[in-house]
Amino acid sequence: MSLFYIFAVPLSLIILYLAWYLHVPWNLPRLPRIPFYVSILGLWSDMGQDEIYERWLRAPLEKHGAVLIWFAGRWSILVTRPDLLTDMFRNEDLYAKAGSQKKIPWSVIATLVGDNIINSHGDTWKLYTSIMKPGLQKKTFDSRPLLVKSRRFVDKILEDQATAGKQGILVNAYVQKWAVDVMGVSFLDMDLQSLEKPHGAVRLESIQSVIKMTLFRPLFFNFPDLDQFAWLLSSRKRAYEIMHEFGDTLADKVLAQMDDATAKGQKPEEEQVVHMLVAAYRDGRLTQKQFKDNLKIVFLTAHENAQQLVNSMFWEIGKNTEVQTRLRAEILATGTSNPTADIVNPLPYLTSVIYELMRLYPPVSQLINRVTTAPAMLGGQIPIPARTFVGWNSYGVHVNPQVWGADAQEFVPERWGSTVSEMHARFRRETVRGTYIPFNAHSRKCLGQAFVLLQMKILMFELLRRVEWRVDPGYKLKMTPGGILAPLGCRVILTEIQEKEK
């Protein structure tokens, strides 16, 4: 047998397998198909999500409202047209939440997030919501720990700038520490003190960077079947170990702290979501896995979204000095250095800037975590077979000129109105219409949205009160290639205001 046949036969089999694996099922709707290689561009390209959207997704999505896209090992339907989105969001039983634990239960990402309040459906979701909602959706949150952590964050980045001299500094590492610390004191009744300790000293914080790098590797993220061969792939074996380490360490630390407090007769100042989860676990309403999965999702989502929104804030306001100056004037006009919810919530320009940041830089830019439970007709127009995964691209909705006007890609806080009541009204109106979805919408909107807004306001109040900054002239914007949307490696140059006044 010639060498040609020795190599040709297995090569032909591989090609035939790939053709079968990547084929578009015949029963999917006749929609534009995004080339599958777009999903794995990160293997050879450093294009950001914004560039990828402009090059391959914008035109077909704005024309048709939905496309077929390769995601997590299968062809799915991605939607950006508001009327189609509202149909999806309103019909929860037909377009049911189904995350990685349902789609690819063997995968690394499913091992990380599990079955939780965000990705569950039906009675399971109702159970999780009944336990956790009181701790996530409070009428009032204590803003004092937010201010303490924000002050420490500003201290740390100013110290770093003093060391760097006139060079720009990377702020993301400190932003992550701040976000994790705020999450801990607000939801887990735990002060991790990441900002007080050297980089890498708090494992629950430092492992987050490892998780992000591991999770969003394009080859494994879009071909999760490869995770089933962890016994062959040392990097995937290590990935599973990291996910288990995070979950086990978090649960052990939470339970040990609760047991220690009980032994000492200590009671929490306020009941937080962690107390509700532990109580539900110990009285049998939650299994150990359900307890761990929901602990992890609180930790992940309650810090990650805020972290990346702050990174986007440093970029946008660092290059837009007029916005920064106006914000600072509004903040200084309050005459206080101790902001509370009652002080920051009535500030109109601060409110509009945060709303606009979430419009132009939605941290969760794309999510495909719903599945049709029966044959559906999306928006009365697009036939979708049962067991088809569907999702949305919030960035695409938010930068669509047909939805937000000719300046959709520009940062214009004034579009939200002139008073806080006008801004809140537009926020609600656009969310209901499916035109503004940084927090999802309808029955599955983010329970923590009020907290995120307060967290951002307190941080920005403290930061703008004490610091001026500009983007390092040598930095060129590069957005993340996938996963959470934010600028990569943004460097800023800080000037302490008191120092400047001297």
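All letters in the sequence shown, in the order written, are residues 737 to 1238 by the numbering used here.
By construction, the Cβ of each residue, glycine as well, lies at the ideal position given by its N, Cα and C atoms.
Contact set for residue i: own chain, Cβ-Cβ below 8 Å, skip 5 residues either direction
i     : result
P1149 : V1059, Y1085, S1088, V1089, Y1091, E1092
M1159 : P1084, T1087, S1088, Y1091, W1152, G1153
Q873  : L1183, G1184, A1186
Three-state secondary structure (DSSP) of residue i
i     : result
Q993  : helix
K875  : coil
A1177 : coil
A1112 : strand
N1041 : helix
G904  : coil
R1021 : coil
Y831  : strand
M1215 : strand
S866  : helix
P1137 : helix
D841  : According to the sequence provided, residue 841 is Pro. The question's Asp does not apply to it. In this structure, P841 counts as coil in the three-state DSSP scheme.
A755  : helix
R1227 : strand
P1119 : strand
F1147 : coil
I1053 : helix
N1047 : helix
I943  : helix
I1104 : strand
A846  : helix
A915  : helix
I1090 : helix
N1129 : strand
K1238 : Because the pLDDT at K1238 is just 41, under 50, the model does not fix this residue reliably, and the point stays unresolved.
V760  : coil
W792  : helix
F807  : strand
W1152 : helix
Rounded distance between the beta-carbons of residue j and residue i, thought under 8 Å
i     : j    : result
V1228 : V890 : Incorrect: roughly 13 Å between the Cβ atoms, too far for contact.
A1177 : F825 : 5 Å
K933  : F982 : Not quite, the Cβ-Cβ distance comes to about 18 Å (not below 8 Å), so this is no contact.
A808  : I840 : 6 Å
Same chain, Cβ closer than 6 Å to residue i, five either side skipped, listed in chain order
i     : result
R817  : G801
S942  : G936
L1224 : K1214, T1216
A1122 : T1108, A1110, P1111
R1206 : G1054, I1229
W1051 : P1223, C1226
F772  : L758, W806
Q1102 : N1129
Exposure label - residue i; buried when at least 16 CB within 10 Å
i     : result
M1113 : exposed
A755  : exposed
N729  : Summary: the structure shown does not reach residue 729, with the chain confined to residues 737 through 1238, and so no result is reported for it.
H1134 : buried
T1072 : exposed
L821  : buried
F965  : exposed
M949  : exposed
K902  : exposed
D680  : No answer is possible for residue 680: it lies beyond the span of the chain, which begins at 737 and ends at 1238.
R1106 : buried
S879  : buried
G1001 : exposed
L793  : buried
K1193 : buried
I750  : exposed
L951  : buried
V1010 : buried
N1047 : buried
G871  : buried
V760  : exposed
E1166 : buried
Same chain, Cβ closer than 7 Å to residue i, neighbours up to 5 away in sequence not counted
i     : result
E1237 : With a pLDDT of 47 at E1237, under the threshold of 50, the modelled position of that residue is not reliable, and no figure is offered here.
T1070 : I1079
R810  : F1125
K913  : S930, L931, E941
T865  : I853
The ligand MN heavy atom lying under 7 Å from the CB of residue i
i     : result
Y1017 : The ligand MN is not part of the structure shown, which contains no ligands of any sort.
8 Å Cβ cutoff, residue i in contact with chain B
i    : result
Q944 : Going by chain labels, chain B is absent from the structure shown, which holds only one protein chain.
- Query: Three or more beta-carbon pairs under 8 Å between the segment 1192-1201 and the segment 847-864, yes or no?
  - Reply: no
- Answer yes if the segment 1014-1029 comes into contact with the segment 1048-1068, meaning at least three C-beta pairs across the two stretches below 8 Å, and no otherwise. no
- Item | the segment 1125-1144 in contact with the segment 1094-1106 per 3-pair CB rule at 8 Å | yes
- Specify whether the segment 1005-1018 and the segment 964-978 touch according to this definition: at least 3 beta carbon pairs, one from each stretch, less than 8 Å apart. no
- Task: Check whether the segment 902-919 touches the segment 1032-1052, counting contact only when three or more Cβ pairs, one atom from each stretch, lie closer than 8 Å.
- Result: yes
- Task: Assess, as a yes-or-no matter, whether the segment 1134-1146 is touched by the segment 831-839 under the definition of 3 or more beta carbon pairs within less than 8 Å.
- Result: no
- Message: Tell me whether the segment 795-812 and the segment 768-783 touch, counting them as touching only if at least three CB pairs, one residue from each stretch, are closer than 8 Å.
- Response: yes
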